[in-house]
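To start, the structure itself, in C-alpha cells.
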Amino acid sequence: MAQDQPNQSQHILPINSPRSDADADADSKNARAQGNNLSEQTINTLLVFATLIASVTFQAGLNPPGGVWQETSSPSPDDPNNTSQNHIPGRSILGNNRVSYGLYIVFNTAAFFASSSMIELLVKASGKFKALVRVALCSMAVTYSASVMAVMPNRGPLNICLLFFAILVPCLVLFAREIWKKIKAAWDELW
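Encoded structure:
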C-alpha cells in the first residue's frame with residue numbers, strides 16, 4: 001500500500017529541469033484564464049528583477065555616490081582664499097552639487113518605488129499575507145525615506161516635502177489596486 005502512494009518528491013520539478021512547450025502553453029492559458037497575460041515563469045523572473053532593483057536602489061539611497069563626509073569642516077574666516085564649504089559628518093558629499101544630487105535622489109527614489117510597486121503587484125498572496133506584504137513594503141518605503149533624509153545635506157522644507165511625496169505616492173499606488181477593485185465591484189453591482 002505504501003508503494004502505491006506517490007513519493008512527494010515526484011511532484012516537485014527541479015529548478016534546472018527543462019520545461020516542455022506544452023507546460024509553457026498550459027501556464028500561459030491558465031494565466032490568461034485568470035485575467036493575467038503573464039506566465040508563472042515570467043512573474044517569477046519579474047519578481048527577481050524587481051527585488052534586485054529594490055535592493056540596489058535602497059543601498060544607493062543609504063550610500064550616495066562619493067560617500068558621506070567623515071569629519072566636520074568649517075571654512076576659516078582668517079583665510080580669504082579658502083573656498084571650502086561647511087560640511088557635517090554623515091551627510092552626502094554629492095549634496096554639495098544640488099542639481100546632481102537632486103537628479104540622483106529623484107531617479108533613485110523613482111526606481112526604488114517603482115520596483116516596490118512591482119513587487120506588490122506581482123506577489124500572489126491573499127488575505128493576511130497580502131496585508132503583511134503591504135505593511136512590509138510601506139515600512140521599507142518609510143525606512144528608505146528616513147535613510148535618505150539622514151544623509152541629505154540640506155533638510156529644508158522642499159526636501160522634506162519631496163520625501164513626504166515620495167512616501168505618499170507609492171503607498172497610495174500599493175492600495176489603489178484594491179480600491180479600484182472595490183469601486184468596480186460596487187459599480188457592477190449597481191448596474
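169 is the number that full-length UniProt numbering gives to position 169 of the sequence shown; each next residue is one higher, with no gaps. Just so you know, even glycine gets a beta-carbon here, dropped at the ideal spot from N, CA and C. On a predicted model such as this, the values are computed, not experimentally measured, just so you know.
Helix, strand or coil for residue i per DSSP?
i, result
"Phe-139", "Residue identity check: residue 139 is Ser in the sequence provided, not Phe. Correct three-state label for Ser-139: helix."
"Ser-126", "coil"
"Ser-39", "coil"
"Phe-107", "helix"
Could you say which of the options lies nearest to residue i if we only look at CA atoms?
i, options, result
"Val-48", "Val-99, Asn-86, Ser-116", "Ser-116"
"Glu-178", "Leu-103, Arg-134, Thr-109", "Arg-134"
"Pro-89", "Pro-153, Leu-132, Ala-185, Ile-160", "Pro-153"
"Gln-41", "Asp-188, Gly-66, Leu-122", "Leu-122"
"Gln-70", "Met-149, Ile-93, Leu-132", "Ile-93"
"Leu-38", "Met-149, Phe-107, Lys-124", "Lys-124"
"Val-106", "Glu-120, Ala-185, Ile-160, Lys-130", "Ile-160"
"His-87", "Thr-72, Val-99, Phe-164, Ala-114", "Thr-72"
"Met-140", "Met-149, Phe-113, Phe-164", "Phe-113"
"Gly-102", "Val-148, Gly-127, Phe-129, Leu-132", "Val-148"
"Ile-168", "Ala-186, Thr-45, Cys-138, Trp-187", "At residue 168 the sequence reads Leu, which differs from the Ile that was named. The shortest Cα separation from Leu-168 among Ala-186, Thr-45, Cys-138, Trp-187 belongs to Cys-138."
"Leu-46", "Val-99, Glu-120, Asn-97", "Glu-120"
"Asn-96", "Ala-186, Trp-187, Val-151", "Val-151"
"Thr-109", "Phe-164, Trp-191, Asp-188, Lys-182", "Phe-164"
Our contact map puts residue i next to residue j with C-beta atoms below 8 Å; I'd like the distance itself, whole angstroms only.
i, j, result
"Met-118", "Ala-50", "4 Å"
"Arg-91", "Val-56", "With 8 Å as the limit, Arg-91 and Val-56 do not qualify as a contact, their Cβ atoms being about 22 Å apart."
"Ile-53", "Ala-111", "6 Å"
"Tyr-104", "Pro-157", "About 20 Å separates the two Cβ atoms, so there is no contact after all."
The segment 60-68 contacting the segment 140-153, beta-carbon criterion three pairs below 8 Å: Enough Cβ pairs lie closer than 8 Å, so yes.
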